[in-house]
């Protein structure tokens, strides 16, 4: 079995500031890899490089695609990369407004990936969209409402549904619960955990919240100043941190 | 043909200089070779304002010759003011024969309608187009729409149709109804009523579309499939009237609604004046 | 019995007569001459030449007379005429250092080599309507000071550039012509500048103003404005050397803007550029502000405001295009409207049918 996603030597600058440097890892099918660190640690830049949104200055990202076999993400044509990101991948943005069409209904948002690959039966599309609304625990009578009428938590659920409707194999998540109420966060985390398990998703999850990492991820990479300082099974890294920075992070979780 | 300058009192044949006509013809050839694809061209300022048909006029000027017969219609009628103005323009600068009869024309320039009389092999239909980009109202950036066409990423268009059904129970687009040309490019057929879309599918005539202000030319060669977008369970439908034409009795042409008095009395009359007149003449001859 | 309205041809002929009549106005009043328009409404002539992209004062004056003072209509007339003119080549780039300047000012320094030449400007007039102008037979007194023209004034920009304080001007590039090839985006700076030079003064003024109020501020200073006559040179193929074919009046504005720098390049002030025919300072300045705003991406600035949005600015700057499309709404659209009526009526019927059905269902319970 080969890794689903491989990163080798991912390096990216902004001007002369290093955003991330020499990042290596393999992601296996069914795994959720967490990337934690403070803001400015380079984790979002790394995520964007992995998801093909940003070209690294050095290094390569390899993805084992269903459509084309193993491909180097940044060597693909723009057409293929865009197709992959609409079918085999998902990307859940921290701000759901970036990952949704705010001006069209929830149903249209969920149905778009299906329509983009040729779905042409309105009734079926609607049925699938309703199905997904239920799975992300949004009331069915909200199907024709626009996301502008949704709460922040509902918008995030909708963004998740919009991404998962195409049964992606790999989901990139950038602080999926950032900016939400604590209680809302908890329910969305539960939802995500359930979906990842039932759908056998693989994911790369960026977060500054160690609690989120603990709940959702199997393995963890800790980043500081653009470099990976520690890497291992989540429980091990959080219960027995080796690097001074990780120890500091773990120690600063407020006891609840 | 030597370029005459206006100071000599003369313009080149069909107003445009030969170099410009060649440039436009090259764009037309490219357009015909890639049905439905919008070809940028170096559109010139014309003596009529942008919005008044400068694109259609440039296309017609580039293809018209002394042996042609030109028909010009606007809203289906030969005698609306702008159709009259354009026909006079070409009569003057191209010395070309003009007609109101569809079957006699070799070149038909039109705004917002396709003639009811079926077209035949050898005829050219020139459409005046205000906004050539069918995705424009969904995505205002030309840099992005260009990419969407190149990658055939048309999800956003299907989404807009879905949304229309979700909101209104049906696809509510009434004119400028988007079509898929030759199974590849989504095209705007210009603001013709959707009633006219079926006439474009595998038409024996050559269809040329000119947008002067936006500087794009596109084309549908004869016998090319043109399919109006829809859903399997919400298939494309054309308008229907319960009335028929008050002048000729037609029940299968596009009807204009005329309000004839203050109490709101209405009459319905064929929008295609030539079609209507011919039917009236035939009815009279039969009596 | 309804009879289809005909007579479009006659209606048009009559409307042309009416327009000609209105244009001439009261026959008892003297007809305007082109020389009067050129001389006494000279700034209108300057604007029409600039946005019409054609330097010819009498043609522009004729256009203004024919358009009855509607400058956008006059610009359209001049552009349409320009389309028919034969082209025999591109001139050499104008050398505005060789300008015989009637006016030259800089806001960046109190004094500059060659001096601050105030020249003819409305800037220091008091905006009080001068009713003496209403009386005919005005005999203005001759200026009390001799005209302060100067040739070969050194550029303020060159001085700053020699010090390394101002970015050098862009590399010379072969010209692309928007009147021959359509605009493609992203556009190069020369194409942007051509678009802006032809662009509507009001539109550019509003956008330039918006940058000053915070919508993409680039901290402008007027490095230099100069107005005067420059020679136009051309190299005819048959001769193989440069000859002067004309002398034209232009207004040029060099803005000095927000400095930029990076790790390796020390900070320098940046440039905005504006050029217009005749004496058109407002246009040249607005153009320079917008030119600089559109360089946001090149200078690694966040492009967040309308004046920095290349597609928005360049697609909507042409008033001939804008006027045509806005006014085309007056053309008949009744067929499309009829299509919409059909749809809306059907939708209303469906809503009404659902309402009746709901009422029946409720009554049945």
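Protein chains in written order, with this note's numbering: chain E, 464 to 719; chain R, 3 to 289; chain F, 22 to 386.
In this text, a Cβ means the ideal position worked out from N, Cα and C, and glycines have one as well.
Given the structure is predicted, the values throughout are model-derived calculations rather than measurements.
Spatially closest choice to residue i from the options, by CA coordinates
i	options	result
residue 51(R)	100(F), 58(F), 298(F) and 204(F)	100(F)
residue 123(R)	208(R), 261(R) and 284(R)	208(R)
residue 474(E)	512(E), 712(E), 638(E) and 493(E)	512(E)
residue 584(E)	250(R), 234(R) and 262(R)	234(R)
residue 40(F)	51(F), 60(F), 91(F) and 58(F)	91(F)
residue 171(F)	190(F), 193(F) and 118(F)	118(F)
residue 625(E)	595(E), 541(E) and 636(E)	595(E)
residue 96(F)	105(F), 115(F), 108(F) and 73(F)	73(F)
residue 247(R)	89(R), 270(R) and 260(R)	270(R)
residue 340(F)	378(F), 218(F), 105(F) and 64(F)	218(F)
residue 578(E)	264(R), 46(R) and 231(R)	231(R)
residue 112(F)	278(F), 263(F), 81(F) and 289(F)	263(F)
residue 536(E)	546(E), 523(E), 542(E) and 530(E)	523(E)
residue 249(R)	41(R), 136(R), 283(R) and 90(R)	283(R)
residue 126(R)	238(R), 91(R), 263(R) and 63(R)	63(R)
residue 187(F)	66(F), 280(F) and 63(F)	280(F)
Short Cβ contact (9 Å threshold) for residue i with residue j
i	j	result
residue 311(F)	residue 347(F)	no
residue 275(F)	residue 176(F)	yes
residue 79(R)	residue 85(R)	yes
residue 274(R)	residue 118(R)	yes
residue 133(F)	residue 122(F)	no
residue 670(E)	residue 685(E)	no
residue 668(E)	residue 497(E)	yes
residue 17(R)	residue 74(R)	no
residue 712(E)	residue 575(E)	no
residue 72(R)	residue 206(R)	no
residue 182(F)	residue 189(F)	yes
residue 158(R)	residue 182(R)	no
residue 569(E)	residue 607(E)	yes
residue 338(F)	residue 221(F)	yes
residue 113(R)	residue 91(R)	no
Same chain only: Cβ atoms within 8 Å of residue i, ignoring 5 sequence neighbours per side
i	result
residue 720(E)	Given that chain E is displayed from residue 464 to residue 719, the structure contains no residue 720(E) and the question cannot be resolved.
residue 701(E)	673, 676, 677, 683 and 713
residue 150(R)	137, 141, 156 and 158
Straight-line gap, residue i to residue j (C-alpha atoms, nearest Å)
i	j	result
residue 518(E)	residue 506(E)	15 Å
residue 413(F)	residue 609(E)	Summary: the structure shown does not reach residue 413(F), with chain F confined to residues 22 through 386, and so no result is reported for it.
residue 644(E)	residue 611(E)	18 Å
residue 691(E)	residue 480(E)	16 Å
residue 253(F)	residue 269(F)	7 Å
residue 170(R)	residue 285(R)	41 Å
residue 253(R)	residue 289(R)	20 Å
residue 47(F)	residue 36(F)	18 Å
residue 56(F)	residue 249(F)	20 Å
residue 362(F)	residue 175(R)	11 Å
residue 89(F)	residue 54(F)	12 Å
residue 648(E)	residue 495(E)	18 Å
residue 330(F)	residue 38(F)	44 Å
residue 120(F)	residue 316(F)	27 Å
residue 622(E)	residue 194(R)	38 Å
residue 245(R)	residue 52(F)	57 Å
residue 20(R)	residue 214(R)	18 Å
residue 482(E)	residue 525(E)	20 Å
residue 695(E)	residue 564(E)	37 Å
Contacts around residue i, its chain only, beta-carbon distance under 6 Å, and the 5 residues preceding and following it disregarded
i	result
residue 297(F)	71, 272, 304 and 305
residue 226(F)	307
residue 237(F)	314, 326, 328 and 329
residue 641(E)	557
residue 82(F)	55, 58, 59 and 66
Contact list for residue i against chain A, beta-carbon separation under 8 Å
i	result
residue 607(E)	The chain labelled as chain A is not found among the protein chains of the depicted structure, namely E, R and F.
Beta-carbon contacts of residue i that lie in its chain and below 7 Å, excluding the five residues immediately before and after
i	result
residue 42(R)	217 and 218
Subject >> Members of the stretch 41–69 of chain R near chain F, C-beta cut-off 7 Å >> reply: 42, 43, 44, 45, 46, 47, 48, 49, 51, 52, 53 and 54
**OP:** Would you list, in chain order, the members of the stretch 583–595 of chain E that have their beta-carbon closer than 9 Å to a beta-carbon of chain R?
**Re:** Here the close residues are 583, 584, 585, 586, 587, 588 and 589.
**OP:** Can you give me, in chain order, the residues of the stretch 303–333 of chain F that have a beta carbon less than 7 Å from any beta carbon in chain R?
**Re:** 332
Subject >> Residues, ordered as in the chain, of the stretch 180–204 of chain F that lie near chain R by beta-carbon distance below 9 Å >> reply: Correct list: 198, 199, 200, 201, 202, 203 and 204.
Original post:
Any residues in the stretch 68–85 of chain R with a beta carbon nearer than 9 Å to a beta carbon of chain F? Which ones, in chain order?
Top reply: 76, 77, 78, 79, 80, 81, 82, 83, 84 and 85
Original post:
Listed in chain order, which residues of the stretch 108–125 of chain R have Cβ atoms closer than 9 Å to some Cβ of chain F?
Top reply: 113, 114 and 115
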